[in-house]
Amino acid sequence: MHIAKDLVAASATPLVLGILAEEESYGYAILKQIAERSGGRLEWTEGLLYPLLHRLERLGHVESTWRTPEGGRRRKYYAITEDGRRELAEQRRQWAAVTDALQDIWEATRALGPAAPPLEA
């Protein structure tokens, strides 16, 4: 399934903030989480993720530190800030409003008959 670029862009901030709300992480691990949690339907590139992380850092939603794990290579780890947690809560409220409206519309179109596509769980 192809997910439209606009939808990917709109969901990028809450996805990254949500992942970082669970635990701090670094770029490649965040990319893996996105792919795994979407069942492979969202496959982001570094070209999408890193500009987003830099923007979130400029806005004060995340902070970063360079670290070298034992036996590993140097990585930039990102952690959500208190401002980031507030932004994530606001994003959740906004997405809930959008999904509620979509659900209402899809339920109404389902009632129109077999021409309406089935809802996916």
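Residue 117 in UniProt numbering sits at position 117 of the sequence shown, and the numbers go up by one each step. All C-beta atoms, glycine included, are put in the ideal place defined by N, C-alpha and C.
Item, Value
"For a test of the three-state rule: what should DSSP assign to E63, helix, strand or coil?", "strand"
"Going by the C-beta, is Y50 closer than 7 Å to any heavy atom of the ligand SAM?", "By its list of ligands, the structure shown contains no ligand whatsoever, and the ligand SAM lies outside what it can speak to."
"Mind listing, in chain order, the continuous alpha helix (DSSP H) runs of no fewer than 4 residues lying wholly within the UniProt domain \"Transcription regulator PadR N-terminal\" (16-90)?", "27-37, 46-58"
"In three-state DSSP terms, what is L7?", "helix"
"Can you look up L102 in the DSSP assignment and give me helix, strand or coil?", "helix"
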